[in-house]
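>
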Amino acid sequence: MAGMSGRMSTVIKAKISKLLDRAEDPSETLEYSYQKQIELLQNVKKGIADVVTSKKRLQLQTQKLEQSVVKLDTQARQALSAGNEDLARAALERKQLAQTELQSLDGQVTELEGQQERLIENEKKLRTKIESFRTKKEVIKAQYSAAEAQVKISEAASGVGEEMADVGLAMQRAVDKTENMRARASAVEELEAAGAFEDITQLGEGGNDDIDKQLHELTSGAQVDDDLAKMKAELGAGSDAPAIEAPAEGAKEESQ
Amino acid sequence: MIVRIATEGQFRLPDGDAGRLNELDNEAVAAAEAGDDQKFHELFTAMLDLVRSDGTELTDDELEESDVILPPPDTSLAEAKAEFSGEGLIPG
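This is the structure in structure tokens:
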């Protein structure tokens, strides 16, 4: 078969013979193949542990961001009822950035969960194949003449070899994806370190100009305007106190 | 005929499916070369569906070599193109 499947078959077969050719005689092929299988099984276990670690890290970030969203929303509300619209806007911009990151993290956690499940499935399958290979090699040794045994063994070894090459491919793809996610997680951490999701009350008068300027560029103004309008409506409807007209200075101290 | 979907598993298919599979394969290659993302995915999905629905999955203790190996189900157009150009999906 030509095309994708043909090319894929050729590549995998080349990989299998590379795996098996290192051994000189059939009994060595057996031992070598078996040894390789055990090695790969260990690698798969390590790969699963890596995926779990990455997932935990992303989940931790998710929790932190969720807390920031709640906090910044409350602060925007407080700032607005104190009549400080600029501060409310700054808080909402931070909230929006946190929400955007949160969405992308959620997607990644789900994807990692899928990867983890598939690797566990792969590991189980390979383990069963290795076990079956071990049984088969004993049967072959007992039942066949040396020449026949050689053929049978190399058939069985190819079968396992293909599974090994395939699990290797699945591992590699999982690792590649996890690395992309690590880069993403680091980017979120950098934003955090720069104070992008920080408590708005921690900032001095007028906020941290540099971060706020960057945030202004990052977050879409329309969404922030909508949020602000919504909050204003809620506050206006909910209280008869003329909060909007309260002096910004005094009320801000209250919220700190 | 034994077909493997890379990273997923092996399936035993009636030999009669080979022609249809080959046809889809060639069309998928043409779509990938033309850079038609949507068509490539349609055709590739049709190939995977054919194998999954017509085939019976091999049990974990069967040690068989595949006659045909399909790329992983999450293969992207870019990966498929690299695949034909000789880079290959399989690292070292």
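Protein sequences, first through last, are from chains E and S.
In this text, residue positions in the first sequence follow the working numbering: the first is 21, and each later residue adds one.
In this text, residue positions in the second sequence follow the working numbering: the first is 1024, and each later residue adds one.
Positions of the beta carbon are idealized from the N, C-alpha and C atoms, including for glycine.
Give every residue of the same chain whose Cβ lies closer than 6 Å to the Cβ of V13 of chain E, excluding the five residues on either side of it in the sequence, and list them in chain order.
A question about residue 13 of chain E goes unanswered here, because the residues of chain E that appear run from 21 up to 276.
> To the nearest angstrom, report how far apart G226 of chain E and E1106 of chain S are at their CA atoms.
Any reading at G226 of chain E must be qualified, since the residue scores a pLDDT of 49, below 50, and its modelled position is unreliable; the value itself is stated next. Spanning the two alpha carbons is a distance of roughly 55 Å.
> Cβ closer than 8 Å: which chain E residues qualify as neighbours of A1103 of chain S?
Here the neighbours are M24.
> Below 8 Å between beta carbons: does that hold for L248 of chain E and R109 of chain E?
Yes, the pair counts as a contact, with Cβ atoms nearer than the cut-off.
> Could you give the distance in angstroms between the alpha-carbon of A99 of chain E and the alpha-carbon of E105 of chain E?
Roughly 7 Å separates the two Cα atoms.
> Is the shortest distance between the beta-carbon of S178 of chain E and the beta-carbons of chain S less than 8 Å?
Yes, S178 of chain E lies at the interface with chain S (some Cβ there is under 8 Å from its Cβ).
> So that I know if they touch, is there some Cβ in chain E lying closer than 8 Å to that of L1112 of chain S?
At L1112 of chain S, the pLDDT of 49 sits below 50, so the modelled position is not reliable; the number obtained from the coordinates is stated separately. Yes, L1112 of chain S counts as interfacial toward chain E.
> Given I68 of chain E, which residues of its chain have a CB within under 8 Å of its CB, disregarding the five upstream and five downstream residues?
Q136, L139, I140 and E143.
> For the structure I just gave you, are there three or more beta carbon pairs, one from the stretch 1076-1086 of chain S and one from the stretch 144-158 of chain E, closer than 8 Å?
Short answer: they touch.
> Check whether the stretch 28-38 of chain E touches the stretch 1057-1074 of chain S, taking contact to mean three or more Cβ pairs, one atom from each stretch, closer than 8 Å.
No, they do not touch.
> Might you give, ordered along the chain, the residues of its own chain that have their beta carbon closer than 8 Å to the beta carbon of G1032 of chain S, omitting 5 neighbours on each side?
The residues are E1080 and L1081.
> According to DSSP, is T1082 of chain S helix, strand or coil?
Reduced to three states, the DSSP call for T1082 of chain S is coil.
> So if DSSP puts Q1033 of chain S in a beta bridge, which residue, or which two residues, is it bridged to?
Answer is S:R1027, bridged to Q1033 of chain S.
> Using a Cβ-Cβ cutoff of 7 Å, what residues of the stretch 1082-1104 of chain S are near chain E? List them in chain order.
Taking 7 Å as the Cβ-Cβ cut-off against chain E, the residues of the stretch 1082-1104 of chain S that qualify are D1083, D1084, L1086, E1087, E1088, S1089, V1091, I1092, L1093, P1094, P1095 and A1103.
> Would you mind reading off the limits of the alpha helix (DSSP H) that contains F153 of chain E?
Per DSSP, F153 of chain E belongs to the alpha helix (DSSP H) from E105 to Q163.
> Counting only beta-carbon separations shorter than 8 Å, does D1072 of chain S have a partner in chain E?
It does not; no Cβ of chain E falls within 8 Å.
> Using DSSP bridges, identify the partner residues of I1092 of chain S.
DSSP output for I1092 of chain S lists S:R1027 as bridge partner(s).
> Verify the CB distance criterion: does R1075 of chain S have a CB-CB separation below 8 Å to chain E?
No, its Cβ sits nowhere closer than 8 Å to a Cβ of chain E.
> Going straight from the alpha carbon of A1091 of chain S to that of D219 of chain E, what length do you get?
Checking the displayed sequence, the identity of residue 1091 of chain S turns out to be Val instead of Ala. The alpha-carbon atoms of V1091 of chain S and D219 of chain E are separated by roughly 58 Å.
> Which word fits A177 of chain E, buried or exposed, when buried means at least 16 other C-beta atoms lie within 10 angstroms of its C-beta?
Label assigned to A177 of chain E: buried.
> So is A190 of chain E in contact with chain S if we call contact Cβ pairs under 8 Å?
For A190 of chain E, the answer is yes, since a Cβ of chain S falls inside 8 Å of its Cβ.
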